[in-house]
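Everything on this sheet refers to the single structure shown next.
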Amino acid sequence: MVIATILQYFVTPPYLVKTIFKQKFWKNFQYAKDLPKLTRLPFMAPDSQSKYREGLTVPMGKVSKPQNAKTKAKSKPLTNTKYVNVGYQEYLELSGQQVPVNVRVTVDTSTKKIVSPREAYEDRVGVNSSYGYHVRLASTFAKVFTESAYPEGYTKTLFVSGGEYHHHNKHPKLPASKAVDGDCLLLIVSKWSELERLFKQDRLEGVDDVKQFFDGEVPVPWGLRVEDSAMYALTKLSPA
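Mapping of the sequence shown onto my numbering: position 100 corresponds to residue 100, and the numbering continues sequentially without gaps.
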């Protein structure tokens with residue numbers, strides 16, 4: 001959880017940090033806040049003139065159930081809202097839109113409409129065109145593969161060896177694979193023994209081996225740290 005919150009912190013505008021993260025996580029940012037910022041991300045750049053703002057939808061008020069003779073009126077939090085915290089003194093009220101509560105969105109502050117990041121930052125080119133990354137927590141081994149952020153799921157799952165320092169820990173041979181245009185890749189960077197341990201904990205029916213989860217691997221030099229293996233693999237997969 002610590003790593004996940006720190007990763008999310010690096011793609012969260014400063015004005016949203018205390019809204020998005022519970023107070024118990026703030027201590028994790030004590031040293032992270034002094035590290036270099038990802039200013040290439042358009043919403044992390046110190047650009048107060050932009051009409052586009054990242055925000056978090058917030059509830060305003062409560063709704064009550066109809067009262068009858070047997071029950072007292074009870075209120076429950078709203079599940080949809082038209083208010084967004086975009087770092088202003090007051091919440092921004094959307095124009096004609098109702099959206100789920102506690103969702104991060106991109107807002108056009110001139111029209112007061114929620115827009116896609118691509119629409120908001122389409123004028124950014126080259127290295128400035130990145131919209132950041134999404135942090136996802138999986139409660140089980142299988143959900144790493146099944147709970148994709150892509151509506152149609154991943155098109156290919158590749159293994160990348162990382163953190164392996166002993167040659168007796170060799171993983172099974174997988175076909176070397178490359179990325180092609182349109183691929184929605186899932187890269188798993190790990191020790192193979194760690195994947196086997198997690199697989200055994202899940203006890204999945206119909207799956208006999210962790211190898212069945214993978215379409216191939218991205219070969220990397222032996223003995224790299226996990227973080228170095230990840231960067232090496234991403235470099236190999238990048239277009240020439």
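Note that beta-carbon positions come from the ideal geometry of N, C-alpha and C, so glycine has one too.
Counterpart residues of S139 in DSSP-defined beta bridges: Start at 1 with the first residue of the sequence shown, and residue 139 comes out as number 139. Answer by DSSP bridge pairing: none, since S139 is not bridged.
Do F141 and I188 come within 8 Å of each other at the CB atom, strictly closer than that value? Locating residue 188 in the sequence shown gives position 188, where the first residue counts as 1. Locating residue 141 in the sequence shown gives position 141, where the first residue counts as 1. Not closer than 8 Å, so no.
Tell me whether T39 is buried or exposed, calling it buried when 16 or more other Cβ atoms sit within 10 Å of its Cβ. Within the sequence shown, the letter at position 39 stands for residue 39. Counting of Cβ neighbours within 10 angstroms places T39 among the exposed residues, the total staying below 16.
Use the C-beta contact count for Y83: other C-beta atoms within 10 angstroms, 16 or more gives buried, fewer gives exposed. Along the sequence shown, one-based indexing puts residue 83 at 83. Within a 10 Å sphere around the beta-carbon of Y83 sit 16 or more other beta-carbons, which makes this residue buried.
Between which residues of its own chain and T19 is the CB-CB distance below 6 Å, once the five residues before and five after are set aside? Sequence index remark: in the sequence shown, residue 19 carries index 19 (1-based). Cβ within range, chain order: L56 and N85.
In angstroms with no decimal places, state the Cα-to-Cα distance between H167 and K236. Here residue 167 refers to the residue found at position 167 of the sequence shown. Here residue 236 refers to the residue found at position 236 of the sequence shown. H167 and K236: Cα-Cα distance of roughly 23 Å.
Quick check: the Cα distance between K62 and Q89, rounded to an integer number of angstroms? As a position in the sequence shown, residue 62 is number 62, starting the count at 1. As a position in the sequence shown, residue 89 is number 89, starting the count at 1. Confidence at K62 is low in this model, with a pLDDT of 47, below 50, so its placement is unreliable and the value that follows should be read with caution. Within the model, the alpha-carbon separation for K62 versus Q89 is close to 22 Å.
Check whether I3 and A32 have beta carbons under 8 Å apart: The count along the sequence shown starts at 1 and reaches residue 3 at position 3. The count along the sequence shown starts at 1 and reaches residue 32 at position 32. I3 places its beta carbon 8 Å or farther from that of A32.
Pairwise C-alpha distance: G206 and K37: The residue you call residue 37 lines up with position 37 of the sequence shown. The residue you call residue 206 lines up with position 206 of the sequence shown. K37 and G206 have their alpha carbons spaced roughly 45 Å apart.
Taking Cβ positions, are D209 and K156 nearer each other than 8 Å? Taking the first residue of the sequence shown as position 1, residue 209 is located at position 209. Taking the first residue of the sequence shown as position 1, residue 156 is located at position 156. For D209 and K156, no; Cβs fall outside 8 Å.
In three-state DSSP terms, what is A233? As a position in the sequence shown, residue 233 is number 233, starting the count at 1. A233 falls in the helix class under three-state DSSP.
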